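Chemist: Before anything else, here's the structure in question.
Spelled out as structure tokens, the structure:
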């Protein structure tokens, strides 16, 4: 029992240290902020609510937070709303529930994953404005960030990812990612310790995507370099443009 307690304490201290570093290094939270926390019901968002709830009580700067869960009709992806309310309340947050609708069988503008994400994100922005929030916190972790970097490089031919802080001028809102330095394996360990429940039904598209293939690629790269995720993060912070291809502009 004592060993398990020490392991849990060590895990939480490690995760909180990474969250605190992200908040400090990237200026994610300011005094008096009202943060909307996206709570999907997955392990990452559950951990984000717990960690931000603890930060509200313990650390400066002082801020408040509201958890928001967005349901999408026609997608068999459901969470236990009663549990989400209890979980948010335990972190000192109210839970706001919104429902959006689109039909993937008739809307062919983009992939179902893109449309689902777009509608959820739009609902978060609208709710943030209604509540007078200054920032929206999402549960993307270190693996999400480096996977997105590789996806953009391999499939889009661009170098970019999901930054820790992103000012959305169109919506007059700032997106923050407090878990950006936390590896997914730490959140999986926390979920196991806390007994976070699984969603009642999962997204039918989640295992059929390029992201899953990039996850597998990272696991393979990790066999060669166990610190590959940290190395990729460091590479984004230490760009050397003088050693990259650059088209020259010639005067006529």
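Numbering (the working numbering), first residue to last: 221 to 472. We put the beta carbon where it would ideally sit given N, CA and C, even for glycine. Note that the coordinates shown come from a computational prediction; the quantities given were computed from them, not determined experimentally.
(1) Out of 410, 466, 392 and 366, which has the shortest C-alpha to C-alpha gap to residue 447?
(2) Can you tell me whether residue 463 is buried or exposed, with buried defined as 16 or more other CB within 10 angstroms of its CB?
(3) Compare the C-alpha of residue 309 against each of 285, 321 and 322 and name the closest.
(4) Cα separation between residue 357 and residue 313?
(5) So if DSSP puts residue 448 in a beta bridge, which residue, or which two residues, is it bridged to?
(6) Would you call the region 386 to 394 and the region 340 to 355 touching, i.e. three or more CB-CB distances under 8 Å?
(7) Near residue 307, what residues of its chain come up, given a Cβ to Cβ distance below 7 Å and the 5 sequence neighbours on each side ignored?
(8) Pick out the complete beta strand (DSSP E) segments inside the region 312 to 381, 3 residues or longer, and give them in chain order.
(9) Beta-carbon separation of residue 360 and residue 388 under 8 Å?
(10) Assess contact between the region 251 to 261 and the region 406 to 413, defined as three or more Cβ pairs (one per stretch) separated by less than 8 Å. Is contact present?
(11) Have a look at 417, 336, 321 and 318 and flag the residue whose alpha-carbon is nearest the alpha-carbon of residue 264.
(12) Helix, strand or coil, according to DSSP, for residue 307 in the structure here?
Modeler: From the atom records:
(1) Taking the first residue of the chain shown as 1, we reach residue 447 at position 227. The residue from 410, 466, 392 and 366 with its alpha-carbon nearest to that of residue 447 is 366.
(2) Taking the first residue of the chain shown as position 1, residue 463 is located at position 243. In the assembly as shown, residue 463 is an exposed residue. Its beta-carbon has fewer than 16 other beta-carbons within 10 Å.
(3) Numbered from its first residue, the chain shown carries residue 309 at position 89. The option with the nearest alpha carbon to residue 309 is 285.
(4) As a first step, residue 357 is located in the chain shown; it is residue number 137 there, counting from the start. As a first step, residue 313 is located in the chain shown; it is residue number 93 there, counting from the start. When rounded, the separation of the alpha-carbon atoms in residue 357 and residue 313 is 13 Å.
(5) Residue numbering aside, residue 448 sits at position 228 when the chain shown is read from its first letter. Note: residue 448 is not bridge-paired with any residue in the DSSP secondary-structure output.
(6) When Cβ pairs closer than 8 Å are counted between the two stretches, the region 386 to 394 is seen to touch the region 340 to 355, the count reaching three or more.
(7) To locate residue 307, count along the chain shown from 1; it is residue 87. Same-chain partners within the cutoff: 266 and 269.
(8) Entirely contained in the region 312 to 381, the beta strand (DSSP E) runs reaching 3 residues are, in chain order, 315 to 321 and 355 to 357.
(9) As a position in the chain shown, residue 360 is number 140, starting the count at 1. As a position in the chain shown, residue 388 is number 168, starting the count at 1. No, the Cβ-Cβ distance between residue 360 and residue 388 is not below 8 Å.
(10) Flag = no, the region 251 to 261 and the region 406 to 413 do not touch.
(11) Residue mapping note: residue 264 aligns to position 44 of the chain shown, counting from 1. Checking every option, the nearest Cα to that of residue 264 belongs to 417.
(12) As a first step, residue 307 must be located in the chain shown, where it is residue number 87. Helix at residue 307.
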